[in-house]
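J.: Following this message is one structure expressed as structure tokens.
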Amino acid sequence: MAKLLYSVTMSADGFIAGPGGDMSWLTEHLGADPVMDELIAGVGALLVGARTFGGDDPHRGDPEREGAFEGEWDGPQVVLTHRPPAQPVTRTTFLDDVRTAVEAARDAAGGKEYVNVLGADVARQCLELGALDEVLTCVAPVFLGDGTRLFERPGGTRVGLERIRQWHTPRTTNSWYRVV
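This note's numbering numbers the first residue of the sequence shown as 1037 and each following residue consecutively.
Here is the structure:
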């Protein structure tokens, strides 16, 4: 069964998107990373939130780099939403229940190691369900000051993480954790 991995690049002050979901800040902090190449090869499906699915791809319009993992990944995605589009989207399933979406994404992963979770709210819901296995944070050396936080839960709840791996690239400092 594929593990659920929440992977994200965030600012040093903990934001994964700027105000209004702006992702343009991200482009200067992306680049070659052999560990990410290994990850991409192990991702069988994406579990994506509606805002992320319809959001601001920092490479939108660039056919070489548009899409998940700068266009390096291609495969099925499950979108968690209460408002699916009227027209079908190729290789995309729209569901409105997190438990059903997790099961569908794991099935869609086709025996690969990971379902990659994209979207802070979906990650929080997976964590509350007890389904989130790992978290990969790539910290970019920039303050955004406002936007979407990496993890936010009203009332606060401590979530234990155990570091599995840590490495640096010229553009980010990266930590991979197991949820405990």
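Here a beta-carbon is modelled for each residue, glycine too, at the ideal position from N, C-alpha and C. It should be emphasised that the depicted structure is a prediction, and the values quoted were computed from it without experimental measurement.
1) Less than 9 Å between the beta carbons of Met1059 and Val1175, yes or no?
2) Output the residue ranges of the alpha helix (DSSP H) runs that lie fully inside the region 1096-1181 and measure 4 residues or longer, sorted by chain position.
3) Might you give, ordered along the chain, the residues of its own chain that have their beta carbon closer than 6 Å to the beta carbon of Phe1089, omitting 5 neighbours on each side?
4) Expressed to the nearest angstrom, what Euclidean distance is found between the alpha-carbon atoms of Gly1183 and Arg1087?
5) Short check: CB of Arg1199 to CB of Trp1212, under 9 Å?
6) Would you list the one or two residues that DSSP bridges to Arg1185?
7) Mind the definition here: the region 1130-1148 touches the region 1055-1075 only if three or more C-beta pairs lie below 8 Å; say whether that holds.
8) Bridge partners for Val1195 per DSSP, in chain order?
9) Roughly how many angstroms lie between the CA atoms of Arg1119 and Val1044, to the nearest whole one?
10) For the beta strand (DSSP E) containing Gly1085, list its first residue and its last residue.
11) With Ser1211 as the anchor, note down where its beta strand (DSSP E) starts and where it stops.
12) For Gln1123, is the classification buried or exposed, using 16 other Cβ atoms within 10 angstroms of its Cβ as the cut-off for buried?
13) For Asp1069, which residues in the same chain have their Cβ closer than 7 Å to its Cβ, ignoring the five residues on either side in sequence?
T.: Taking the geometry as given:
1) For the purposes of this step, residue 1059 is taken as residue 23 along the sequence shown, with counting starting at 1. For the purposes of this step, residue 1175 is taken as residue 139 along the sequence shown, with counting starting at 1. The answer is no: Cβ separation not under 9 Å.
2) 1134-1144, 1156-1165
3) Numbered from 1 along the sequence shown, position 53 holds the residue referred to as residue 1089. Here the set comprises Val1115.
4) Translated into the one-based positions of the sequence shown, residue 1183 becomes position 147. Translated into the one-based positions of the sequence shown, residue 1087 becomes position 51. Going by the C-alpha atoms only, they are around 13 Å apart.
5) Within the sequence shown, the letter at position 163 stands for residue 1199. Within the sequence shown, the letter at position 176 stands for residue 1212. Yes.
6) Residue numbering aside, residue 1185 sits at position 149 when the sequence shown is read from its first letter. The partner list for Arg1185 (beta bridge, DSSP) reads Phe1051.
7) no
8) Looking up residue 1195 in the sequence shown gives position 159. Paired residues: none, contrary to the question.
9) Here the question's residue 1119 lines up with position 83 in the sequence shown. Here the question's residue 1044 lines up with position 8 in the sequence shown. Going by the C-alpha atoms only, they are around 24 Å apart.
10) Looking up residue 1085 in the sequence shown gives position 49. Its beta strand (DSSP E) spans residues 1079-1085.
11) Your numbering for residue 1211 matches position 175 in the sequence shown. Here the beta strand (DSSP E) through Ser1211 covers 1209-1215.
12) Along the sequence shown, read from residue 1 onward, the residue named residue 1123 stands at position 87. Result: exposed.
13) Looking up residue 1069 in the sequence shown gives position 33. Thr1205.
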